[in-house]
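Asks: Supplied in structure tokens, the structure appears directly below.
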Amino acid sequence: MVRICVIHGPNLNLLGVRDPEVYGSHTLAEINREIENLAQELEVEVRIIQYNSEGEIIEALHDAREWADAIIINPAAYTHYSVAIRDAIQAVRLPTIEVHLSNIYAREEFRHHSITAPVVYGQISGFGVNSYLLALRAAKDVVQKRWR
Ligand code: DQA
């Protein structure tokens, strides 16, 4: 069975109350339930975690080496400036999909640049909870078929 590590970055624990006009009204628990339901349908195993701190995200990326076939990560604000998370993604060498609930290119200028995008397999941005669900389908395909 394909095993996928899903990592939510900082402040995503506040979804539902945090800027619902930007991020939608789903709570993180609701998003996680949708990911788990789709995982069951696709017959993939998912482990989902959320960390606010950079160090914990890096540890989770390192741990994924031991068991996961692919990573889905929403690095949240770290997307725009964390060289350490970018280096960890690159070092771990698992196919990694970067997701964003909002379309980062349609927002403030400082969000237009993703420091992690050049080291991930691909990026999905702007589809709300569907960004994660599309990423799950893509991650399974990448692991099984290695398209591209
Ligand atoms: C985000 C976009 C980031 O710019 C922001 O800092 C977040 C969430 C998104 O999912 O749209 O915290 O990654």
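Every letter in the sequence shown is one number past the one before it in my numbering, and letter 124, counting from 1, is 136. In this text, a Cβ means the ideal position worked out from N, Cα and C, and glycines have one as well. From a predicted model like this one, the values you see are computed outputs, not experimental measurements.
1) Just checking N23 against the ligand DQA - is the residue's beta carbon closer than 7 Å to any of the ligand's heavy atoms?
2) Between H112, V58, V132, A89, which has its C-alpha nearest N44's C-alpha?
3) For the segment 76-85 against the segment 97-114, are there 3 or more C-beta pairs whose distance is under 8 Å?
4) Relative to the ligand DQA, what is the chain-ordered list of residues with a Cβ closer than 6 Å to any of its non-hydrogen atoms?
5) Checking the sheet assignment: what are the DSSP bridge partners for G134?
6) Look at the Cβ atom of D81, then the Cβ atom of R15, and state whether they are nearer than 8 Å.
7) Is the beta carbon of S94 closer than 8 Å to that of E66?
8) Consider the C-beta atom of A82 and the heavy atoms of the ligand PLP; say whether any pair is separated by less than 7 Å.
9) Taking buried to mean at least 16 other C-beta atoms within 10 Å of its own C-beta, is Q62 buried or exposed?
10) Using DSSP bridges, identify the partner residues of H20.
11) From K152, R77, S137, E53, pick the residue whose C-alpha is nearest to that of T91; which is it?
12) Is the shortest distance between the beta-carbon of L113 and the beta-carbons of chain D less than 8 Å?
13) Which same chain residues end up closer than 7 Å to Y133 when comparing Cβ atoms and leaving out the 5 residues on each side of it in sequence?
14) Give me whichever residues DSSP pairs with R15 in a beta bridge.
Replies: According to the structure data:
1) Position 11 of the sequence shown holds residue 23. N23: yes, Cβ under 7 Å from the ligand DQA.
2) The residue given as residue 44 occupies position 32 in the sequence shown. The option with the nearest alpha carbon to N44 is V58.
3) yes
4) N23, N86, A88, A89, T91, H112, L113, S114, I116, R123
5) In the sequence shown, residue 134 corresponds to position 122, counting from 1. Per DSSP, the beta-bridge partners of G134 are I109.
6) Locating residue 81 in the sequence shown gives position 69, counting from the first residue. Locating residue 15 in the sequence shown gives position 3, counting from the first residue. Taking a C-beta distance under 8 Å as the contact criterion, D81 and R15 qualify as a contact pair.
7) As a position in the sequence shown, residue 66 is number 54, starting the count at 1. As a position in the sequence shown, residue 94 is number 82, starting the count at 1. The Cβ-Cβ distance between E66 and S94 falls below 8 Å.
8) With respect to small molecules bound, the structure shown includes the ligand DQA and not the ligand PLP.
9) Taking the sequence shown and counting its residues from 1, the one referred to as residue 62 is at position 50. Buried.
10) In the sequence shown, residue 20 corresponds to position 8, counting from 1. Answer is Q62, N86.
11) Reading the sequence shown from its first residue, position 79 is the one you call residue 91. Among K152, R77, S137, E53, the Cα nearest to that of T91 belongs to S137.
12) This model lacks chain D altogether, as it is built from one protein chain only.
13) What you label residue 133 is simply residue 121 of the sequence shown in a count that begins at 1. The answer, listed in chain order, is P107, T108, I109, V154.
14) Reading the sequence shown from its first residue, position 3 is the one you call residue 15. According to DSSP, R15 bridges with E57.
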